[in-house]
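Q: The following block contains the structure, expressed as structure tokens.
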Amino acid sequence: MRKIVNIAGINIDDITMEQAVKKIYHFISSDKSHAIYTPNSEIMMDGISDSQMRQVLNTADMLVADGAGVVLASKILGKAVRQKVSGVDLAKNLLKSSSKKPIRFFLFGGKPGIAEKAQANIICDYPYADVVGTRNGYFSEEDTEKIIEEINNSSAEVLFVCLGAPKQELWIHENKDKLKAKVCMGVGGTLDVLAGNVKLAPDFFRNHGLEWLYRLYKEPRRFKRMLKLPKFILYVIGIRLKLIKIK
Numbered sequence: 001m002r003k004i005v006n007i008a009g010i011n012i013d014d015i016t017m018e019q020a021v022k023k024i025y026h027f028i029s030s031d032k033s034h035a036i037y038t039p040n041s042e043i044m045m046d047g048i049s050d051s052q053m054r055q056v057l058n059t060a061d062m063l064v065a066d067g068a069g070v071v072l073a074s075k076i077l078g079k080a081v082r083q084k085v086s087g088v089d090l091a092k093n094l095l096k097s098s099s100k101k102p103i104r105f106f107l108f109g110g111k112p113g114i115a116e117k118a119q120a121n122i123i124c125d126y127p128y129a130d131v132v133g134t135r136n137g138y139f140s141e142e143d144t145e146k147i148i149e150e151i152n153n154s155s156a157e158v159l160f161v162c163l164g165a166p167k168q169e170l171w172i173h174e175n176k177d178k179l180k181a182k183v184c185m186g187v188g189g190t191l192d193v194l195a196g197n198v199k200l201a202p203d204f205f206r207n208h209g210l211e212w213l214y215r216l217y218k219e220p221r222r223f224k225r226m227l228k229l230p231k232f233i234l235y236v237i238g239i240r241l242k243l244i245k246i247k
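The opening position of the sequence shown corresponds to residue 1 in my numbering, with each subsequent residue numbered one higher.
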């Protein structure tokens, strides 16, 4: 049974990484397509301020806490989720699990050449993961049907959609029922990481919830976007103090 923690009107799955991987295998064996989103504090704040985005997030088949800010928010509200399940880590764990039970993947997103570079690295690092197709994230609305056809013809079971938020979530929400892939995952910059173009924060930062600080140091231009993190936490504190009511 799905266990949910409501954070500011958004339903986050209270789930561990191991459970998430197991559930994805269950999705793969089913007869319909499933949406998985991995919101961090920025995306959560988008969901709070935009009712359409909130609806999209809440219609996901799995919504995991990507980031220490989301986990902290759950603790502030007294409903702590068990574990941070970041999109990139979930993607990597799925690729790794293919050594026990193979999965067919399609990589969609990133700049031209990034998905192909990620595919080449996956072949080396996860030889049992079968990447059956790639497509960059630069396209117009008129290209969508052709992209869907390409994904469907590949026989992919899991689709990594890396278009950045909220574009990837909106794209999956709009097109999920047209896709034959059993799992459509919005996983942001995962392809850049798999391609080796972006390095994850060192373990110290990741283990202490300071990834945002490392990313800000590496990419100062993200400062304005990262203001959503304290805004999100302050909003949650307002809920806890009953200064803000959730509709």
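Ideal placement from N, C-alpha and C gives every residue a C-beta, glycine not left out.
#1: Between residue 129 and residue 122, which are expected to be in contact by the criterion C-beta below 8 Å, what is the C-beta distance as a whole number of angstroms?
#2: Tell me the start and end of each unbroken alpha helix (DSSP H) in the region 28 to 68 that is at least 4 residues and wholly inside, in chain order.
#3: When we look at the beta-carbon of residue 1 and count the other beta-carbons within 10 Å, is it buried (16 or more) or exposed?
#4: Pick from 190, 21 and 68: whose alpha carbon is nearest that of residue 110?
#5: Using only CA atoms, which one of 21, 17, 22 and 47 lies nearest to residue 170?
#6: For residue 168, count neighbouring Cβ atoms within 10 angstroms of its own Cβ and tell me buried if that reaches 16, exposed if not.
#7: Taking only runs of the alpha helix (DSSP H) that begin and end inside the region 137 to 166, which ones reach a length of at least 4 residues, in chain order?
#8: Run through DSSP, which three-state label would residue 12 get?
#9: Checking 9 Å against the spacing of the C-beta atoms, do residue 57 and residue 6 come in under that value?
#10: I'd like to confirm the pairing. Which residues does DSSP put opposite residue 185 in its beta bridges?
#11: Which residues does DSSP list as the beta-bridge partners of residue 249?
#12: Give the secondary structure of residue 6 by DSSP, where H, G and I count as helix, E and B as strand, and everything else as coil.
A: In short:
#1: Walking along the sequence shown from the start, residue 129 turns up at place 129. Walking along the sequence shown from the start, residue 122 turns up at place 122. Sure, about 6 Å apart at Cβ, within 8 Å.
#2: Whole alpha helix (DSSP H) segments, 4+ residues: 41 to 49 and 51 to 58.
#3: Within the sequence shown, numbered from 1, the residue matching residue 1 stands at position 1. With fewer than 16 other Cβ atoms within 10 Å, it is exposed.
#4: Here residue 110 refers to the residue found at position 110 when the sequence shown is read from its first residue. If we check each option's Cα against that of residue 110, 190 comes out closest.
#5: Along the sequence shown, read from residue 1 onward, the residue named residue 170 stands at position 170. Residue 47 is the option with its Cα nearest to residue 170.
#6: Counting from 1 along the sequence shown, the entry for residue 168 is found at position 168. Around the Cβ of residue 168, a 10 Å sphere holds 16 or more other Cβ atoms; the residue is buried.
#7: Fully enclosed alpha helix (DSSP H) runs of 4 or longer: 144 to 153.
#8: Along the sequence shown, one-based indexing puts residue 12 at 12. DSSP, read as helix, strand or coil, puts residue 12 in strand.
#9: On the sequence shown, residue 57 is found 57 positions in, with the first residue counted as 1. On the sequence shown, residue 6 is found 6 positions in, with the first residue counted as 1. No, the pair does not count as a contact, with Cβ atoms beyond the cut-off.
#10: Locating residue 185 in the sequence shown gives position 185, where the first residue counts as 1. Under DSSP, residue 185 shares a beta bridge with 36 and 160.
#11: Residue 249 is absent from the structure shown; the chain starts at 1 and stops at 247.
#12: Translated into positions along the sequence shown, residue 6 becomes position 6. In the three-state reduction of the DSSP assignment, residue 6 falls in the strand class.
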